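Residue numbers (the numbering used here), protein chains in the order written: chain Y, 1 to 606; chain H, 1001 to 1606.
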């Protein structure tokens, strides 16, 4: 279907917004009046700019506080409308959004509203303009879509129809089934926005927390399906006001916006995209650093061995069980120290995964490949992390491991003491945690769901000594791939955007002891934590003493137990050892406040 | 009264919080459990630290999900409580906060709740500990203070009382009058927090938006008065969770917190502070810059004349009517260009103003004074702006103008062309607008109200192309002093923290023409704005053309009209010319989006 977006959804001046919207691939725009008023482009210039960019002007909005008023106010309002019709003619726009009135002088009289809207439509028609009347959720007398439709029906004018807005309808809990009763040709426009479920004053909710479909908790897809079912053939248009988007870059927000519409079309059964190839596990995690020595020490202590090196890139493979870490020194000039720059995910069909990614506008990463390198495709997540689609065990497509040559074990630089003696206690990567840039939390969640087919858990707030950390996990249904997305509550939160790799073990006590014996510290956890653990759970005192000795944290849910501990942080990166038993599903959120406080203290050298 | 604060109200590790709390001047603290658990100090060490700092530990909190449970859960909960009693004995704390249960296993049975709380109180009493039972606003079965008191009354144990919390009570709209029915000696504790009025889910509201009393919209003073009236003799204790405070510096937040308690005591009629000396107008605004040439050009164009210079500081006085601007080059090393660093306010009693300021913990600015300088006292506002208390017309205290020597008019450096020819059309400073640092919006508003006795308007959201700007004006009742406090929605909003001085004129068209004739540009306003103005108001076409020609914006309220225009921005500073007629009360908020967009474009050279 035709796809549009309201200019108010993006930040910056109008000309920059239009460029971003066209570049992302939208077909049309709603011109938000304030964007026109505040800019130097005349309506004619905006019209030309849109034509040059291949964008249609699908709607001019909003026109407020028109209907159901005394005669003298009506005369003023009609004069006001005529002035706007003149602007629209200069713009080349032929559809005007009229919102239900919030003016104190409007009266509760549907017949009067219908009569005055008919008059407005008559005037509009003289200019070849049509009117789309919309119920604001906080309208004074008209606040539901069926009420707005009843007035439009009563007015019975060919230039008057209704505009449906998913936020105004779903935020009030209205049932979108009633849309089926509206003739499709009388639905002149469909505006789409999602929002997180919040018990908030609806005006505040609307102004500050709208988000793109799929990023919130409203069933926008069902509403779209109902509207299409009614015979609507106009554009799907996004209208989102959000404190975050208002500050984010227009270009990237426009792409995120179009991705959300593509996924919405799919959810509503209106299009068929290549199905996601849900990954079964992590193939690898790649850490980049100018100096990998500190990482090599920690990996050795965690039981990893340097097993292979890339045939022509400065990349080392470290392995333990099915956990694989790549150390890359190929990117120079990184001052911040090690960072997690890429992950590989195991997928049965990398080709389909890439087609899916491209279909939902994930940026495909251009690769430098050696002549005999395996074909390995990657896309960039919103935070810049590259996601590679791999088939580690298959030598054909994605047989990336064939690009590596085994390192003889005696050639290991800096062999850890007795490196192969303990049984390999880490068997796989349990999860990856990535702190997202301030603007990209919701985009990141939608990206991982839309591109990889992961499912999102609920969002949690974790208490850090310097603010709340919002956290949301996305995971494959069997838990093979789990990614935890974190975001600090504001951009000036202290410190770098941390990332960590959690490694699964069946013997966390043994693994933690080995780390300590190798002389690599684990994050110390305060004794007070273990007093509280004793109060909350009746753990065996010797077991509790062992946990306290090693700094292992403990959590429990209705299914099982979770034990976890942390290494020190190197650059932006640290490692976690985790042991899940009996189907524990979470990530130890209960312990996050203590862990975050301990990390702050540790970094301050306390 | 004794004054306390919960450690959760401040950011950082526990030891830093305790130091900040003691330094601000509090008497005691509530130890929030997570602050203990996440830190390296043992309970004994915390006890010693508090003793060293002169802080009492007035409460340990919270103990959750205790009452009205099946027998096996009760046994576990009592074991859990015993562990906490042990921690409290080590801490030297003798009062435990028990919140009403949110646990799924709790049942709706007041008699059972009372019986189990009596049991808990019995156990506590063996350790010399008392229990304060509090109704959480979102408690499963007990969510109102009168219900919690009914259970406490029924339990009838000397070691069991109730804890009142202004947020939990007022957020539900409960009437605090019922507090009079609780015997004062059974009110074991009183926790205080305010909050902006929001129709928000009460749990989210509580977790993210609590603020210090006087910063929100709840009538905390009436609740305090009712509680004291009931005979309560314990501390007034602040318990505030707020996304902003969690990130702000503990030391300054602690001072703001204590200031709010002092003002609350005053509002509740519990103390008598020196009454504020409400200022009658602005004595001056002081701009600081390494290079004042650009400012001199603009001031000349605005009709100001350089009339005097300070006797021994590098400060020039520029005057027009009663509008006075000081240009100070005495501070070196400012790279950002001119900034508004101080304001003088006219007050009938500077001595009382200073005593008031000191009583509410406003930092008094240490002054370098020449031997014959007038005594001039200043305090620093939260954003660093210095506020001087002046009596310009009186030669005694605060006769600051006597420190300046008149400049002969022929000695004016860079005389503007025909400088004195037009009548002086600016007669006073209408208002000052100061963009506040991210963390200090609410503090700033409370400061200006508490120190200067100004009244606050409602908070407004203004649309900037890169985000919403929150704006709140504080003003004296007669409008003699008006200060507009602005804050961008997040700290990474682009650009410097702008400040501006609005100058009142009776002839804005003449004043704007003069500025233009002097070759100093006014901010250009897009033609589209005037098309819209024409649609909204039926202004005389010639008048409208004049406004468009000069870039003058127009607004109207139920009382009168407002015309205003802007100079270019120099460093952080720009000037506004304003003309109010017939009692218009606002600041042209309707035009803010257009003005902000125009300023962004102008700075980008578009």
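Glycine included, each C-beta is placed from N, C-alpha and C at the ideal position. These numbers come from a predicted model, not from an experiment.
Run the CB neighbour count on residue 1540 of chain H, radius 10 Å, all protein chains shown included, and call it buried at 16 or more, exposed below. Residue 1540 of chain H should be labelled exposed.
Let me see if you follow: with CB-CB separation under 8 Å, is residue 543 of chain Y close to chain H or not? With 8 Å as the cut-off, residue 543 of chain Y does not count as an interface residue toward chain H.
Three-state secondary structure (DSSP) at residue 1241 of chain H? In the three-state DSSP reduction, residue 1241 of chain H falls in the coil class, being neither helix nor strand.
Mind listing which residues of the region 469-488 of chain Y have their C-beta closer than 8 Å to chain H's C-betas, in chain order? Interface annotation for the region 469-488 of chain Y against chain H: empty, criterion Cβ-Cβ distance under 8 Å.
Between residue 1499 of chain H and the rest of its own chain, which residues show a CB-CB distance below 7 Å, the 5 nearest in sequence each way excluded? Counting only Cβ-Cβ distances below 7 Å, and skipping sequence neighbours, we find 1339, 1340, 1433, 1434, 1435, 1572, 1573.
Outcome for residue 291 of chain Y when other beta-carbon atoms lying within 10 angstroms are tallied against a minimum of 16: Under a 10 Å Cβ-count criterion, residue 291 of chain Y is classified as exposed, with fewer than 16 other Cβ atoms of the shown protein chains found around its own Cβ.
Please state whether the Cβ-Cβ distance between residue 1129 of chain H and residue 1085 of chain H is less than 8 Å. Taking 8 Å as the Cβ cut-off, residue 1129 of chain H and residue 1085 of chain H qualify as a contacting pair.
For the region 348-368 of chain Y, which residues have a beta carbon sitting closer than 7 Å to at least one beta carbon of chain H? Going along the region 348-368 of chain Y in chain order, one finds no residue with a Cβ nearer than 7 Å to chain H.
Here's a check: name, in chain order, each residue in its chain whose Cβ is nearer than 7 Å to the Cβ of residue 1274 of chain H, leaving out the five neighbours to either side. Around residue 1274 of chain H: 1352, 1355, 1356, 1359.
Which chain H residues sit within Cβ distance under 9 Å of residue 87 of chain Y? Under the 9 Å cutoff, chain H gives 1528, 1531, 1532, 1535.
Could one say the Cβ of residue 1140 of chain H lies closer than 8 Å to chain Y's Cβ atoms, at least one of them? With respect to chain Y, the C-beta atom of residue 1140 of chain H has no partner C-beta closer than 8 Å.
Taking the straight line between their C-alpha atoms, what separation do you get for residue 60 of chain Y and residue 1529 of chain H? Per the coordinates, the alpha-carbon of residue 60 of chain Y lies some 16 Å from the alpha-carbon of residue 1529 of chain H.
For chain Y, is any of its Cβ atoms less than 8 Å away from the one on residue 1073 of chain H? No, no contact with chain Y.
Would you be able to state if there are at least three C-beta pairs under 8 Å between the region 54-68 of chain Y and the region 115-126 of chain Y? In this structure the region 115-126 of chain Y lies against the region 54-68 of chain Y, because at least three pairs of beta carbons, one per stretch, are closer than 8 Å.
Can you list, in chain order, the residues of its chain with a C-beta nearer than 6 Å to that of residue 1560 of chain H? Leave out the 5 residues immediately preceding and following it. Within the same chain, residue 1560 of chain H has close Cβ partners 1581, 1582, 1583, 1584.
Could you work out which residues of chain H lie near residue 34 of chain Y, taking near to mean beta carbons separated by less than 7 Å? Here the neighbours are 1463, 1593.
The region 1016-1024 of chain H in contact with the region 583-598 of chain Y per 3-pair CB rule at 8 Å: Put simply, the region 1016-1024 of chain H does not touch the region 583-598 of chain Y. Fewer than three CB pairs are less than 8 Å apart.
Taking all protein chains shown into account, do 16 or more other C-beta atoms lie within 10 angstroms of the C-beta of residue 348 of chain Y, making it buried, or fewer, making it exposed? So residue 348 of chain Y ends up on the exposed side.
Quick one, are the C-beta atoms of residue 136 of chain Y and residue 99 of chain Y less than 8 Å apart? A contact, by the Cβ cut-off of 8 Å.
Short Cβ contact (8 Å threshold) for residue 1161 of chain H with residue 1186 of chain H: Result yes, Cβ atoms of residue 1161 of chain H and residue 1186 of chain H sit closer than 8 Å.
Rounded to the nearest angstrom, what separates residue 1251 of chain H and residue 1261 of chain H at their Cα positions? Straight-line Cα distance between these residues: approximately 16 Å.
Comparing alpha-carbon positions, which option in Y:525, Y:558, Y:58, Y:151 lies nearest residue 673 of chain Y? Residue 673 of chain Y lies beyond the range of chain Y shown here (1 to 606); nothing can be said about it.
Spell out whether any CB of chain H is found under 8 Å from the CB atom of residue 311 of chain Y. Not one chain H Cβ lies under 8 Å of residue 311 of chain Y.
Within 8 Å of any Cβ in chain H, is that where the Cβ of residue 259 of chain Y sits? No - not a single Cβ of chain H is within 8 Å of the one on residue 259 of chain Y.
Along the chain, where does the beta strand (DSSP E) that runs through residue 345 of chain Y open and close? Note, residue 345 of chain Y: beta strand (DSSP E), 339-346.
Three-state secondary structure assigned by DSSP to residue 958 of chain H: In the structure displayed, chain H extends from 1001 to 1606; residue 958 of chain H sits before or after that span and is not available.
Taking the alpha-carbon of residue 611 of chain Y as reference, which of Y:35, Y:502, Y:346, Y:1 has the nearest alpha-carbon? Since the first residue of chain Y shown is 1 and the last is 606, residue 611 of chain Y is not available in this structure.
Starting from residue 1328 of chain H, trace the alpha helix (DSSP H) both ways and give me its first and last residue. Counting along the chain, residue 1328 of chain H falls outside any alpha helix (DSSP H), though it belongs to the beta strand (DSSP E) covering 1323-1328.
Please return the same chain residues whose Cβ sits closer than 8 Å to the Cβ of residue 513 of chain Y, not counting the five positions on each side in sequence. Closer than 8 Å at the Cβ level, and outside the excluded window around residue 513 of chain Y, lie 550.
Can you name the residues of chain Y whose CB is closer than 7 Å to the CB of residue 1070 of chain H? The contacting residues do not exist; residue 1070 of chain H stays about 17 Å from chain Y at best.
Who are residue 1320 of chain H's beta bridge partners in DSSP? Residue 1320 of chain H is bridged to H:1323.
Note down the Cα distance separating residue 1101 of chain H from residue 72 of chain Y, rounded to an integer number of angstroms. As the crow flies, the alpha-carbon of residue 1101 of chain H is around 59 Å from that of residue 72 of chain Y.
Between residue 1564 of chain H and the rest of its own chain, which residues show a CB-CB distance below 6 Å, the 5 nearest in sequence each way excluded? Only 1553, 1576, 1578, 1588 meet the Cβ criterion.
Near-chain H residues of the region 2-26 of chain Y (beta-carbon distance less than 7 Å), N- to C-terminal order: From the region 2-26 of chain Y, only 11, 12, 13 have a Cβ closer than 7 Å to chain H.
Could you give the DSSP three-state label for residue 62 of chain Y: helix, strand or coil? Looking at residue 62 of chain Y - three-state DSSP - the assignment turns out to be strand.
Considering only their Cβ atoms, is the gap separating residue 1238 of chain H from residue 1006 of chain H smaller than 8 Å? Their beta carbons are under 8 Å apart, which means residue 1006 of chain H touches residue 1238 of chain H by this criterion.
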